[in-house]
Amino acid sequence: MEIVSTIREMCSISDELRKGGKTIVLVPTMGYFHEGHLSLMGEGRKRGDVLVVSLFVNPTQFGEGEDYEVYPRDFSRDKSLAEGTGVDILFVPTMEEMYPEGYQTFVEVERLTESMEGRFRPTHFRGVTTVVAKLFNIVRPHIAIFGEKDFQQLVVIRWMVEDLNMGVEIIGMPILRERDGLAMSSRNQYLTPDQRKAALSLNHSLQKAFQLFRSGERNPRRIIDAVKRVIEVEGEVTIDYVEIRDARTLEEIEIIEDQAIIALAAKVGKVRLIDNVILREG
Ligand code: PAF
Numbered sequence: 005m006e007i008v009s010t011i012r013e014m015c016s017i018s019d020e021l022r023k024g025g026k027t028i029v030l031v032p033t034m035g036y037f038h039e040g041h042l043s044l045m046g047e048g049r050k051r052g053d054v055l056v057v058s059l060f061v062n063p064t065q066f067g068e069g070e071d072y073e074v075y076p077r078d079f080s081r082d083k084s085l086a087e088g089t090g091v092d093i094l095f096v097p098t099m100e101e102m103y104p105e106g107y108q109t110f111v112e113v114e115r116l117t118e119s120m121e122g123r124f125r126p127t128h129f130r131g132v133t134t135v136v137a138k139l140f141n142i143v144r145p146h147i148a149i150f151g152e153k154d155f156q157q158l159v160v161i162r163w164m165v166e167d168l169n170m171g172v173e174i175i176g177m178p179i180l181r182e183r184d185g186l187a188m189s190s191r192n193q194y195l196t197p198d199q200r201k202a203a204l205s206l207n208h209s210l211q212k213a214f215q216l217f218r219s220g221e222r223n224p225r226r227i228i229d230a231v232k233r234v235i236e237v238e239g240e241v242t243i244d245y246v247e248i249r250d251a252r253t254l255e256e257i258e259i260i261e262d263q264a265i266i267a268l269a270a271k272v273g274k275v276r277l278i279d280n281v282i283l284r285e286g
């Protein structure tokens, strides 16, 4: 596995690969890998000739008072996990390379980013789309892979790629869960044992939503109320939002037709977690 830390070197490698007719797959990450990241890499390995994983804790997607400074980092562990998963190039740009002095250009997807996560983290998606656009320009992948845990992020990125004619195929990969159902996240490691137990209510509440959907409930309001009731039993969990929306456009819906996404965010102590499930037949 090659470690590349300059944009100039990454661009010239990508140019050569493209000239040689190789298919480049990119898995963008902020590091501190868990099984979820490794599953994205495993999929990437299958889909292309050259697998590039970027590792950059992107400051522009963290709002004021969020956890940028303390976001977990462990480069040597990440390096060996990536190597073990068959990554060809680990792209680890520095902050000065990505956002040099005088940097002032941002990419913003409008309506889609106003609701759900965007309501609680108003500058978040602008940072995500900016860094992902930059990574696409530097790595020039044919395919890029993202996890469905950040479902709104995935939809926003698909929209950006379409609107800006970026020509990158976007693949979404299902959420991986711990044995007890907690969605895998680099932030889970902040949870105390009691908080971790309380956090299971998020998955339990989504299971409840799924059961209701399976038994024929199609009214989003009634499903959301049932989900909130499951979570609210846990005193330590504070809900930011629970929403059911069209899974492609993230528009609000009056009634669930063929498929929808139920997504939620909640704070367990100080740790903010997100989770979701797709409600669809079959
Ligand atoms: O999902 C993430 O880890 C980040 O938002 C991403 C896509 C790597 C951009 O920094």
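5 is the number of the first residue of the sequence shown in our numbering; add one for each residue after it. Ideal placement from N, C-alpha and C gives every residue a C-beta, glycine not left out. All values reported here derive from a predicted model rather than from experimental measurement.
Can you tell me which of the options puts its alpha carbon nearest to the alpha carbon of residue i?
{"i": "T133", "options": "S190, G286, L158 and R226", "result": "L158"}
{"i": "G25", "options": "A213, I17 and V31", "result": "I17"}
{"i": "D198", "options": "G273, I179, D184 and Y107", "result": "G273"}
{"i": "W235", "options": "N62, E114, Q211 and K83", "result": "One detail in the question is off: residue 235 reads as Ile in this sequence, not Trp. Nearest of N62, E114, Q211 and K83 to I235, Cα basis: Q211."}
{"i": "V111", "options": "P126, F95, M170 and A137", "result": "A137"}
{"i": "M34", "options": "S190, A203, D53 and F60", "result": "F60"}
{"i": "I142", "options": "E39, L21 and P224", "result": "L21"}
{"i": "R3", "options": "A269, V31, V281 and D279", "result": "As displayed, the chain neither begins before 5 nor continues past 286, which places residue 3 out of reach and without an answer."}
{"i": "V29", "options": "P178, L139 and A213", "result": "L139"}
{"i": "I278", "options": "E258, T27, R181 and G131", "result": "R181"}
{"i": "E173", "options": "A213, I147, M5 and A230", "result": "I147"}
{"i": "W3", "options": "P178, Q108 and R252", "result": "Beyond the ends of the chain as shown, which are 5 and 286, falls residue 3; an answer cannot be given."}
{"i": "E152", "options": "M5, V54, D19 and V281", "result": "V281"}
{"i": "L216", "options": "L254, L283 and H41", "result": "L283"}
{"i": "E39", "options": "R183, G69, E70 and Y194", "result": "R183"}
{"i": "R51", "options": "T27, E118 and G69", "result": "T27"}
Note down the Cα distance separating residue i from residue j, rounded to an integer number of angstroms.
{"i": "F79", "j": "I243", "result": "33 Å"}
{"i": "H128", "j": "E47", "result": "26 Å"}
{"i": "L44", "j": "V135", "result": "19 Å"}
{"i": "D262", "j": "E285", "result": "7 Å"}
{"i": "R276", "j": "E13", "result": "36 Å"}
{"i": "Y75", "j": "V165", "result": "28 Å"}
{"i": "S219", "j": "I227", "result": "11 Å"}
{"i": "R249", "j": "L116", "result": "11 Å"}
{"i": "G88", "j": "P224", "result": "43 Å"}
{"i": "M102", "j": "S189", "result": "25 Å"}
{"i": "A176", "j": "G106", "result": "This sequence places Gly at residue 176; Ala is not what is there. So the two alpha carbons sit approximately 34 Å from each other."}
{"i": "G122", "j": "G90", "result": "35 Å"}
{"i": "G171", "j": "I265", "result": "26 Å"}
{"i": "N62", "j": "G131", "result": "8 Å"}
{"i": "I149", "j": "I259", "result": "31 Å"}
{"i": "A3", "j": "E100", "result": "Past the boundaries of the shown model lies residue 3; the chain is included only from 5 to 286, so the question cannot be answered."}
{"i": "V231", "j": "V246", "result": "8 Å"}
{"i": "E114", "j": "E256", "result": "16 Å"}
{"i": "D167", "j": "T196", "result": "42 Å"}
{"i": "K23", "j": "D53", "result": "13 Å"}
How is residue i classed by DSSP in three states: helix, strand or coil?
{"i": "Q157", "result": "helix"}
{"i": "S58", "result": "strand"}
{"i": "K50", "result": "helix"}
{"i": "K271", "result": "strand"}
{"i": "E73", "result": "coil"}
{"i": "M45", "result": "helix"}
{"i": "D184", "result": "coil"}
{"i": "G35", "result": "coil"}
{"i": "M177", "result": "strand"}
{"i": "I266", "result": "strand"}
{"i": "L85", "result": "helix"}
{"i": "L283", "result": "strand"}
Given residue i, which residues of its chain have a CB within under 8 Å of its CB, disregarding the five upstream and five downstream residues?
{"i": "S205", "result": "V234, I235, V237, E238 and V241"}
{"i": "G185", "result": "L204, N207, H208 and Q211"}
{"i": "V96", "result": "I7, V8, S9, S58, L59, F60 and F79"}
Could you name the residues of the same chain whose beta carbon sits closer than 6 Å to that of residue i, not counting the 5 residues immediately before and after it, in chain order?
{"i": "A86", "result": "V57 and L94"}
{"i": "F37", "result": "D82 and L85"}
{"i": "R125", "result": "G67"}
If you drop the 5 nearest sequence neighbours on each side, which residues of the same chain put their C-beta closer than 7 Å to that of residue i?
{"i": "R191", "result": "V275 and L277"}
{"i": "C15", "result": "I142"}
Check the Cβ-Cβ distances between residue i and every residue of chain B, and say whether any is below 9 Å.
{"i": "V172", "result": "Chain labels in this structure do not include chain B; a single protein chain is all it has."}
Contiguous alpha helix (DSSP H) assignments of at least 4 residues, all confined to the region 188-252: You should have 197-218 and 224-236.
I'd like the ranges of any beta strand (DSSP E) spanning at least 3 consecutive residues and lying wholly in the region 90-172. If one requires a minimum length of 3 residues, the beta strand (DSSP E) runs lying completely within the region 90-172 are 93-95 and 147-151, in chain order.
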